[in-house]
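Student: For reference, the structure I am asking about is given below.
Residue numbers (our numbering): 4 to 295.
Right, dumping it as structure tokens:
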């Protein structure tokens, strides 16, 4: 079955900044692109002398017009991609945005969700950032976040030549390795597995970490000629990952997140979220599935 890449669009230029990356991935994976937009019902609010408060009522004519305009936008965007010989479908979704997108990914059996996010703040960050955060915590599909840069995005986007895979030593985080390999093998990428230790780690701890990375690379059947295990000692893991990515020409950072809340959420917030917020290059984030 042809794989599917789900691409949420909100109608903004920022939302469309993910399209060149999504198109590149579709070419490399021979995948179908599924462009989706989540419709928000247009409501009128009436005041009543009888009931207390205000009564929201669906504005059917305006809502129907908005649906038609949104579908036209999706079809126009899809046609630009079809002219690049890509297989593209469109769907207008309804419901809470994060739930609608997560469910669409499940129905599609999507291989990836690819979307833009704004790392620097402002209204766009509030909307796109909060949606990305919700999908990171709830979606069972790997999420590729494309950070908005100043100026138009590169088009076409070159394949990811160097993939950095962050690992924290937990078995759940290792679930990102085959996902990264699936992408990298399609693009002849080289891999770096990185593990960050506390700055005062002992020599034996550092040796054990290096052995762990080497063994994991063997278990994942990563090509030894294009795979490196890197162990660093730093009290700020997110900064260490970002610095390594910037100084070693990394094209994609791959990280796991650890669930919905509590201590797991704190772990996500302290490392993955910091990387997501500050990175200047695409990031693949995956919420590992608990083993039955």
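Here a beta-carbon is modelled for each residue, glycine too, at the ideal position from N, C-alpha and C.
1) Pull up the DSSP beta-bridge partners for residue 273, would you.
2) Do the CB positions of residue 166 and residue 260 come within less than 8 Å of each other?
3) What does the alpha-carbon distance come out to for the pair residue 227 and residue 18?
4) Cβ atoms of residue 163 and residue 186: under 8 Å apart, would you say?
5) In its own chain, which residues sit with a C-beta less than 6 Å from the C-beta of residue 178, not counting the 5 before and 5 after it?
6) What does the alpha-carbon distance come out to for the pair residue 280 and residue 250?
7) Buried or exposed for residue 114, going by 16 or more other Cβ atoms inside 10 Å?
8) For residue 284, name the three-state secondary structure that DSSP assigns.
9) Since residue 246 is in the alpha helix (DSSP H), which residue starts that stretch and which ends it?
10) Please classify residue 12: does DSSP put it in a helix, a strand, or coil?
11) Let me make sure I understand the geometry here. Which of 70, 188, 38, 12 has the alpha-carbon closest to that of residue 31?
12) Compare the C-alpha of residue 198 against each of 242, 184, 157, 182 and name the closest.
13) Tell me, please, which residues DSSP counts as bridged to residue 231.
14) Between which two residues does the beta strand (DSSP E) holding residue 160 run?
15) Using a Cβ-Cβ cutoff of less than 7 Å, which residues in the same chain neighbour residue 276 once the five nearest sequence positions on both sides are dropped?
16) Going by other Cβ atoms of all chains shown within 10 Å of its Cβ, with 16 needed for buried, is residue 240 buried or exposed?
17) So for residue 97, helix, strand or coil by DSSP?
18) Does residue 7 pass the burial test, meaning 16 or more other C-beta atoms within 10 Å, or should it be called exposed?
19) Just to confirm my understanding: we take residue 225, look at its own chain, exclude 5 residues before and 5 after, and list those with CB closer than 7 Å. What are they?
20) Mind checking which residues open and close the alpha helix (DSSP H) that includes residue 187?
21) Taking the alpha-carbon of residue 238 as reference, which of 218, 203, 211, 215 has the nearest alpha-carbon?
22) Going by beta carbon distance, what residues of the same chain come within less than 7 Å of residue 119, once the five residues before and after it are set aside?
23) How would you write the range of the beta strand (DSSP E) that residue 84 sits in, first residue to last?
24) Kindly give me the distance between the Cβ atoms of residue 65 and residue 38, rounded to whole angstroms, as I take these residues to be in contact under 8 Å.
25) Where do the N-terminal and C-terminal ends of the beta strand (DSSP E) with residue 119 fall, by residue?
26) In chain order, what residues of the same chain have a beta carbon less than 6 Å from the beta carbon of residue 230, not counting five sequence neighbours either side?
27) Starting from residue 88, trace the alpha helix (DSSP H) both ways and give me its first and last residue.
Tutor: Reading off the structure:
1) Mapped onto the chain shown, residue 273 falls at position 270. Answer by DSSP bridge pairing: none, since residue 273 is not bridged.
2) The count along the chain shown starts at 1 and reaches residue 166 at position 163. The count along the chain shown starts at 1 and reaches residue 260 at position 257. Not in contact: residue 166 and residue 260 (Cβ atoms no closer than 8 Å).
3) Along the chain shown, one-based indexing puts residue 227 at 224. Along the chain shown, one-based indexing puts residue 18 at 15. Their backbone Cα atoms lie some 38 Å apart in a straight line.
4) Within the chain shown, numbered from 1, the residue matching residue 186 stands at position 183. Within the chain shown, numbered from 1, the residue matching residue 163 stands at position 160. A contact, by the Cβ cut-off of 8 Å.
5) Along the chain shown, read from residue 1 onward, the residue named residue 178 stands at position 175. Closer than 6 Å at Cβ, skipping near neighbours: 291.
6) Here residue 280 corresponds to residue number 277 of the chain shown, with the count starting at 1. Here residue 250 corresponds to residue number 247 of the chain shown, with the count starting at 1. In a straight line, the C-alpha of residue 280 is about 18 Å away from that of residue 250.
7) Counted from its first residue, the chain shown places residue 114 at position 111. When all chains shown are included, residue 114 counts as buried.
8) Translated into the one-based positions of the chain shown, residue 284 becomes position 281. If DSSP states are grouped into helix, strand and coil, residue 284 belongs with coil.
9) Counted from its first residue, the chain shown places residue 246 at position 243. 240-250 is the extent of the alpha helix (DSSP H) around residue 246.
10) The residue you call residue 12 lines up with position 9 of the chain shown. Coil, per DSSP.
11) Counting from 1 along the chain shown, the entry for residue 31 is found at position 28. When only C-alpha atoms are compared, the closest one is 188.
12) Counting from 1 along the chain shown, the entry for residue 198 is found at position 195. Per the Cα distances, 242.
13) Counted from its first residue, the chain shown places residue 231 at position 228. BP columns for residue 231 point to 195.
14) As a position in the chain shown, residue 160 is number 157, starting the count at 1. Segment: none, residue 160 is in no beta strand (DSSP E) and carries neither H nor E.
15) What you label residue 276 is simply residue 273 of the chain shown in a count that begins at 1. If we look at residue 276 and ignore the five residues flanking it on each side, it has no Cβ neighbours.
16) Here residue 240 refers to the residue found at position 237 when the chain shown is read from its first residue. Per the 10 Å Cβ criterion, buried.
17) Sequence index remark: in the chain shown, residue 97 carries index 94 (1-based). Strand, per DSSP.
18) Stepping through the chain shown from its first residue, residue 7 is reached at position 4. Classification for residue 7: buried.
19) The residue given as residue 225 occupies position 222 in the chain shown. 184, 194, listed in sequence order.
20) Residue 187 sits at position 184 when you count from the first residue of the chain shown. Its alpha helix (DSSP H) spans residues 179-190.
21) Walking along the chain shown from the start, residue 238 turns up at place 235. Of the listed residues, the one whose Cα sits closest to residue 238 is 203.
22) Along the chain shown, read from residue 1 onward, the residue named residue 119 stands at position 116. So the list reads 17, 18, 20, 21, 131, 149, 151, once near-sequence residues are dropped.
23) Translated into positions along the chain shown, residue 84 becomes position 81. That residue, residue 84, is in no beta strand (DSSP E); its alpha helix (DSSP H) goes 63-85.
24) Within the chain shown, numbered from 1, the residue matching residue 65 stands at position 62. Within the chain shown, numbered from 1, the residue matching residue 38 stands at position 35. About 23 Å separates the two Cβ atoms, so there is no contact after all.
25) In the chain shown, the residue the question calls residue 119 occupies position 116. Run containing residue 119: 115-120, per the beta strand (DSSP E) assignment.
26) Residue numbering aside, residue 230 sits at position 227 when the chain shown is read from its first letter. For residue 230, where only same-chain residues beyond five positions count, the Cβ hits under 6 Å are 194, 220.
27) Walking along the chain shown from the start, residue 88 turns up at place 85. Element bounds for residue 88: n/a, residue is neither H nor E.
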